[in-house]
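Residue numbers (the numbering used here): 66 to 319.
Note that the Cβ used here is the ideal one computed from N, Cα and C, for glycine as well.
The model shown is predicted, which means the values in this text are computed figures rather than measured ones.
Input: a single structure, listed below in structure tokens.
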Ligand code: COA
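Structure, rendered in structure tokens:
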């Protein structure tokens, strides 16, 4: 049975990690099913994607039983195989929203960080246990955390390893909205539905540009921005949106 369920809510594809008896621990089997789900037609044709977890947690992180006795060779090939799924989530052209409730630890938090936005309910518990296990977040989480909160705060979260709640995550800029218990998925779907209304190429190019400019020099970043503008300004979706705006203005609307 697949460890990731797919359903559509209008223009939004909802992917639910479905290994609740293990708090959606990210085994290689689950990562494989998530990668397969990303290729499904329901996802490819969606305008937005929500990632959620079944049961009482978003995800308690990497499957600790799979972390032992790994050779360097096995680890290296892991990143080319199922371990590549975090970057594939990050590279989706559609806007993505993680709906977090319960535990969101380690690899679970890395997966949430690979989404564009995060909504958390009041039961959410975030944290990075990795360093205490003698490792570090290595599914893009260290990279994304530093970019999101800066090196000093990242060291605090990675080394002190204190768990933090939805409000603290919001204050740190890791979460866009905090909602009452049980409402994360509904709010994430609402948010993704709004994002699905955007001109799709503009949304996809903006996502990619934000990621690229985060590490580019000032000059390269400006060039990326201008080249992306040059590309989008020539699209039919821009033409249509501008014409619709002018039409509304000429009718005296807002
Ligand atoms: N990998 C594999 N299995 C996990 C897991 C993980 N990361 N997290 C939880 N599970 C399993 C437990 O082994 C347990 O399975 P069992 O019922 O067959 O024994 C089941 O999920 C429920 O977890 P349990 O520990 O009983 O729930 P809890 O509410 O008492 O504690 C946690 C929840 C998240 C605090 C605890 O499970 C935990 O610390 N998990 C590991 C978190 C972690 O270190 N993640 C990062 C790895 S790099």
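Residues of the same chain with a CB within less than 6 Å of the CB of residue 118, apart from the 5 flanking positions on each side, are 82, 89, 124 in chain order.
Around the C-beta of residue 196, fewer than 16 other C-beta atoms lie within 10 Å, and the residue is accordingly described as exposed. The C-beta distance from residue 304 to residue 267 rounds to 12 Å, too long to fall under 8 Å, and the pair is not in contact. Bounds of any beta strand (DSSP E) do not take in residue 93; it lies within the alpha helix (DSSP H) bounded by 93 to 104. Residue environment for residue 284: exposed (fewer than 16 other C-beta atoms within 10 angstroms of its C-beta).
For residue 109, the closest C-alpha among the options 143, 80, 295 is that of 80.
At least one heavy atom of the ligand COA lies closer than 7 Å to the C-beta of residue 195. Contact between residue 95 and residue 69 holds, with the beta-carbon distance rounding to 7 Å and staying under 8 Å.
Taking the CA atoms as reference points, residue 298 sits about 18 Å from residue 286. Between residue 121 and residue 311, the alpha-carbon positions lie close to 49 Å from each other. Residue 190 places its beta carbon less than 8 Å from that of residue 169. In this structure, residue 303 has its beta carbon at no less than 7 Å from each heavy atom of the ligand COA. If you compare the alpha carbons of 207, 282, 187 with that of residue 173, the shortest gap goes to 207. Sixteen is the threshold: since fewer than 16 other Cβ atoms of the shown chains lie within 10 Å of the Cβ of residue 199, the residue is exposed. Going by beta carbons, residue 91 and residue 126 fall inside the 8 Å limit.
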